[in-house]
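The block underneath contains the structure these notes are about, expressed in structure tokens.
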Amino acid sequence: MQPEPHDELRSATFRDLDTTTLYRLLKLRSDVFVVEQECVYADLDGRDDEPGTRHLWFTRHGEMRAYVRVLDDGDVQRIGRVVTAESARGAGLAGRLIEEALVVIGHRPSVLDAQSYLVKFYSRYGFEPTGPEFIEDGIPHTPMRREP
7 MQPEPHDELR SATFRDLDTT TLYRLLKLRS DVFVVEQECV YADLDGRDDE
57 PGTRHLWFTR HGEMRAYVRV LDDGDVQRIG RVVTAESARG AGLAGRLIEE
107 ALVVIGHRPS VLDAQSYLVK FYSRYGFEPT GPEFIEDGIP HTPMRREP
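Numbering (my numbering), first residue to last: 7 to 154.
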């Protein structure tokens with residue numbers, strides 16, 4: 007009998023990422039944000055390799071299934087690039103990544119710019135809207151914040 011396949015949580019700084027993993031992370035982000043959501047934008051924004059950045063992701067049998075990055079913005083930690091592969095949606099991976107990101111963040115305030123249809127999702131993790139909705143890359147977003 008084969009064991010049930012499961013998703014493996016990984017975490018690394020930029021320097022700890024091997025080239026294959028980095029390629030898979032960037033491909034997932036591109037597949038969803040650029041191709042699926044049709045947003046032409048500079049995903050490679052120069053922040054992935056900052057010393058305070060943490061990359062968190064789930065894989066299964068080499069497939070990149072979900073990803074998030076946590077940036078150090080000085081007085082707050084910024085959660086961003088939350089993405090789940092189409093084949094992995096509905097498995098709860100985004101929520102598990104947010105929970106893990108909050109462990110990494112610890113007792114520091116955190117912010118994110120939620121795609122507006124996901125405000126309720128992020129509210130489950132203690133995030134509250136902090137300003138008006140705005141359009142980024144043609145998609146409505148809402149700024150949110152979570153106090154420690």
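C-beta atoms are modelled at their ideal positions from N, C-alpha and C, and glycine is treated no differently.
Problem set entry | 6 angstroms CB neighbourhood of Arg152 in its chain, flanking five on each side removed | These residues qualify, in order along the chain: Ser116, Gly132, Phe133.
Exercise. Is Val88 helix, strand or coil when you go by DSSP?
Worked result: Correct three-state label for Val88: strand.
Problem set entry | Beta carbon of Leu118 nearer than 8 angstroms to that of Ile85 | Cβ distance < 8 angstroms, so Leu118 and Ile85 count as in contact.
Exercise. Secondary structure at Ser107, three-state DSSP: helix, strand or coil?
Worked result: Reading the sequence as shown, one finds Ala at residue 107 and not Ser. Reduced to three states, the DSSP call for Ala107 is helix.
Exercise. Does the beta-carbon of Tyr73 have 16 or more other beta-carbons within 10 angstroms, so that it is buried, or is it exposed?
Worked result: The residue in question, Tyr73, is buried, as its Cβ has 16 or more Cβ neighbours within 10 Å.
For this session: Using three-state DSSP, classify Leu15 as helix, strand or coil.
Result: DSSP places Leu15 in strand when its eight states are reduced to three.
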